[in-house]
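Below is one structure, written out as structure tokens; comments come after it.
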Amino acid sequence: MDRVRVELGQRSYAISVGAGCLGHTLEAILGQLEPTSVHVVTHPALWRSWSGSLGSTASGAGVTLLRPGERHKHLGAVASILRGLADRGADRRCVVVALGGGVVGDVAGFASACYLRGVRFVQVPTTLLAQVDASVGGKTGVDLPQGKNLAGAFHQPSAVVIDTATLATLPPRHMRSGMAEILKHGIIADEAYFEFVTSRGARRWRPLPDWLEPVIAQSCRIKASVVSQDEREGGLRAILNFGHTVGHAIETLTQYREFSHGEAVAIGMVSAALVSERVCGAPADLVRRVMDGLSAYGLPWSLPPSCSDGEIVRVAMHDKKSSGGVLRMALTPGVGHATAMPVDAPILLDSLCRHRSLRPVGHGYG
Ligand SMILES: NC(=O)c1ccc[n+]([C@@H]2O[C@H](COP(=O)([O-])OP(=O)(O)OC[C@H]3O[C@@H](n4cnc5c(N)ncnc54)[C@H](O)[C@@H]3O)[C@@H](O)[C@H]2O)c1
Ligand SMILES: [Zn+2]
779 MDRVRVELGQ RSYAISVGAG CLGHTLEAIL GQLEPTSVHV VTHPALWRSW
829 SGSLGSTASG AGVTLLRPGE RHKHLGAVAS ILRGLADRGA DRRCVVVALG
879 GGVVGDVAGF ASACYLRGVR FVQVPTTLLA QVDASVGGKT GVDLPQGKNL
929 AGAFHQPSAV VIDTATLATL PPRHMRSGMA EILKHGIIAD EAYFEFVTSR
979 GARRWRPLPD WLEPVIAQSC RIKASVVSQD EREGGLRAIL NFGHTVGHAI
1029 ETLTQYREFS HGEAVAIGMV SAALVSERVC GAPADLVRRV MDGLSAYGLP
1079 WSLPPSCSDG EIVRVAMHDK KSSGGVLRMA LTPGVGHATA MPVDAPILLD
1129 SLCRHRSLRP VGHGYG
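Just remember that my numbering sits 778 ahead of the position in the sequence shown, which is counted from 1.
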């Protein structure tokens, strides 16, 4: 089993990564936390599949079942968790366990930040995306009708338990989505890791490849290191948004229907690589290397015809990450390094135009 520490002073915590580690690791963590009560938040199907793996934690725990899907990531879901905690008489020493993907983690984490002005919670991420990204770093929250993640809080978990065995039931498209964020970690922070992940490649996920566990641990290490240096996104943490400026714009313009988050980020990473060539002198082979990584996992890289370049720029300029009309993008001067820089709209527009003209080389692109 791998262990990664997120160093945040008094709010530091450990991430445990292992196949089949869930039951005993969670028991040990709860043994240390000594909660007065334990409350699991999950989806019905995940409770059916994985409550048995929670070991003794499942018996005696209160359970709140949320409906799955991004459209249920709203304040009503937070309210149902809070009411459940209050009905069960949970006090300040209770612990909430979030068993699920990024949606469960974000909602349960936010409810934990609110209940009695903050109770402890443990993340048990069950999607690849949540294991390498959403469960680490303490961002919690929900969507409002006006937009994604508009209400939230920073609230660090007490621990993260990643049991890679839970991925056995995850659909391949969700595996792919997580791989896009993993490739992103390599691009922004670790060239050897990027090369390793690109060289593996996978389209089938049964059985789970043996390299996945150390890869998840390394991605957690990269995210943990960035978060430790910038807990509340004052600066450095913005580099984690590599590929997300154009990715978010594509998600918004296609109403979250056409692409998964990871697929949209994959396309956005190619745009970000092209902007990086213009703005921070990235070498000419960067774009091709990014495309190679994406293609190894069957991720898309071309801009959808349904979104015009002008629309993408317009939405990107309104992204909540750009302020005062200045667009800031996470860019890379070369694989393994990243920086966040202001980008003028005409440069983004020109890069999107060059993105449209990219052609596959060899085989397997697109
Ligand atoms: N807090 C952060 O830092 C952060 C970072 C990235 C993303 N996010 C958030 O995460 C969310 C996306 O997370 P996601 O991609 O995990 O989606 P998700 O939580 O909606 O999960 C996707 C689907 O997979 C199902 N599922 C989960 N685990 C499964 C398993 N092991 N087997 C079978 N099915 C399983 C879920 O029930 C759901 O239907 C978004 O809301 C996003 O905003 C948060
Ligand atoms: Zn993302």
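All residues carry an ideal CB built from backbone N, CA and C; glycine is no exception.
Three-state secondary structure assigned by DSSP to residue i
i, result
"D780", "strand"
"K851", "coil"
"F932", "strand"
"V914", "coil"
"F1020", "coil"
"F899", "strand"
"L1072", "helix"
"V993", "helix"
"L1014", "helix"
"D921", "strand"
"T1117", "strand"
Distance, residue j Cα to residue i Cα
i, j, result
"G1071", "G979", "8 Å"
"G862", "T1023", "37 Å"
"L800", "E1089", "45 Å"
"L843", "A970", "41 Å"
"V875", "G1114", "34 Å"
"E812", "L961", "38 Å"
"S807", "V938", "According to the sequence as given, residue 807 is Ile; it is not Ser. Straight-line Cα distance between these residues: approximately 10 Å."
"M779", "V818", "24 Å"
Burial state of residue i, where buried means 16 or more other Cβ atoms lie within 10 Å
i, result
"D1063", "exposed"
"S837", "exposed"
"G1059", "exposed"
"P1061", "exposed"
"Q996", "buried"
"L990", "buried"
"E959", "buried"
"Q934", "buried"
Of the residues the options, the one placed nearest residue i, counting alpha carbons only
i, options, result
"T1030", "A823, P1120, V1091 and H821", "V1091"
"V1121", "E1055, M1069, G1114 and K917", "E1055"
"V795", "T820, H817 and Q909", "Q909"
"R760", "G833, S831, R861 and A823", "This structure cannot settle anything about residue 760, because the visible part of the chain is limited to 779 through 1144."
"A1044", "I1028, Q1033, L894 and R1035", "I1028"
"A922", "A855, G915 and D941", "First, the residue type needs correcting, since residue 922 is Leu and not Ala in the sequence shown. If we check each option's Cα against that of L922, A855 comes out closest."
"M1125", "V1113, G840, A1118 and L1105", "Looking at the sequence shown, residue 1125 is not Met but Ile. Ranking the options by Cα distance to I1125, first place goes to L1105."
"G847", "E1009, V882 and L1130", "V882"
"R1132", "A1050, R981, A912 and A876", "A1050"
"A1016", "G867, G915 and M779", "G915"
"H852", "Q924, A797, I1000 and W825", "Q924"
"L877", "F972, G833, L860 and H821", "H821"
Residue i, enclosing beta strand (DSSP E) - first and last residue
i, result
"H817", "V816 to T820"
"L877", "V873 to G878"
"G840", "G840 to L843"
Residue i - containing alpha helix (DSSP H), residue span
i, result
"D1063", "No alpha helix (DSSP H) holds D1063; DSSP gives it neither H nor E."
"Y971", "E969 to R978"
"Q810", "L800 to L811"
"L1127", "A1123 to R1134"
"R1056", "H1039 to C1058"
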